[in-house]
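*Asks:* In this note's numbering, the protein residues as written are 1 to 124.
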């Protein structure tokens, strides 16, 4: 059985991949589909609980003017990942050590991409 955290991640993945906002019922069906996070039937109330938690965290927006409500992600997967990385870096005393360990674990291709990104002037 999937944990609430697993369901939150799975719902976010579905919302990030969706071309249009999704209802709780559509999300439940996708989660219970083969390859989904939970092979047994999920209650729509469980999905609604997950969506409420994600909305409270500021990750999901709900279209309230239509029924059933439709949900969409507030940020992209990439923006969310950057936020998590910045949050993690903000909690350590030695950021340089953390960055060094991170860079030590990436592939040569990723290192080359990182070099190009660092050498590209940024708009301030």
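No residue lacks a Cβ here, since even glycine has one placed at the ideal position from N, Cα and C. In this text the structure is predicted, and so the values were computed from the model without any measurement.
1) Determine the direct distance from the alpha carbon of residue 116 to that of residue 17, and round the result to whole angstroms.
2) In three-state DSSP terms, what is residue 61?
3) Tell me whether residue 93 sits in a helix, a strand or coil according to DSSP, three-state version.
4) Counting only the same chain and skipping the five closest in sequence on each side, list residues whose C-beta sits under 6 angstroms from that of residue 127.
5) Say yes only if the C-beta of residue 27 is nearer than 6 angstroms to one or more non-hydrogen atoms of the ligand GTP, and no if none qualify.
6) By how many angstroms is the C-alpha of residue 53 removed from the C-alpha of residue 4?
7) By the 10 Å Cβ neighbour count, where 16 or more other Cβ atoms means buried, how is residue 84 classified, buried or exposed?
8) Answer yes or no: do residue 61 and residue 31 have a C-beta to C-beta separation smaller than 7 angstroms?
9) Which word fits residue 73, buried or exposed, when buried means at least 16 other C-beta atoms lie within 10 angstroms of its C-beta?
10) State the Cα-Cα distance for the pair residue 51 and residue 71, rounded to the nearest angstrom.
11) Once the 5 residues before and after residue 14 are set aside, which same chain residues still bring their CB inside 8 angstroms of it?
12) Our contact map puts residue 103 next to residue 97 with C-beta atoms below 8 angstroms; I'd like the distance itself, whole angstroms only.
*Replies:* Quick look at the numbers:
1) Position 17 of the chain shown, counting from 1, holds the residue named residue 17. Position 116 of the chain shown, counting from 1, holds the residue named residue 116. Their Cα atoms are separated by approximately 28 angstroms.
2) On the chain shown, position 61 is the one that residue 61 refers to. In the structure shown, residue 61 sits in a strand (DSSP, three-state: E or B).
3) Against the chain shown, residue 93 aligns to sequence position 93. It is coil, neither helix nor strand.
4) Examination of residue 127 is not possible in this model, given that the chain is present from 1 through 124 alone.
5) The ligand GTP is not part of this structure, which contains no ligands at all.
6) One-based indexing of the chain shown puts residue 4 at position 4. One-based indexing of the chain shown puts residue 53 at position 53. C-alpha separation (whole angstroms): 10 angstroms.
7) For the purposes of this step, residue 84 is taken as the residue at position 84 of the chain shown. Exposed is the call here.
8) Position 61 of the chain shown holds residue 61. Position 31 of the chain shown holds residue 31. With a cutoff of 7 angstroms on beta-carbon distance, residue 61 and residue 31 are scored as not near each other.
9) Counting from 1 along the chain shown, the entry for residue 73 is found at position 73. Classification for residue 73: buried.
10) Here residue 51 corresponds to residue number 51 of the chain shown, with the count starting at 1. Here residue 71 corresponds to residue number 71 of the chain shown, with the count starting at 1. A straight line joining the alpha-carbon of residue 51 with that of residue 71 spans about 8 angstroms.
11) By one-based count along the chain shown, residue 14 stands at place 14. Excluding residues within five positions, the ones whose Cβ falls inside 8 angstroms are 22, 27, 30, 31.
12) Locating residue 103 in the chain shown gives position 103, where the first residue counts as 1. Locating residue 97 in the chain shown gives position 97, where the first residue counts as 1. That belief does not hold up - the Cβ atoms of residue 103 and residue 97 are roughly 11 angstroms apart, past 8 angstroms.
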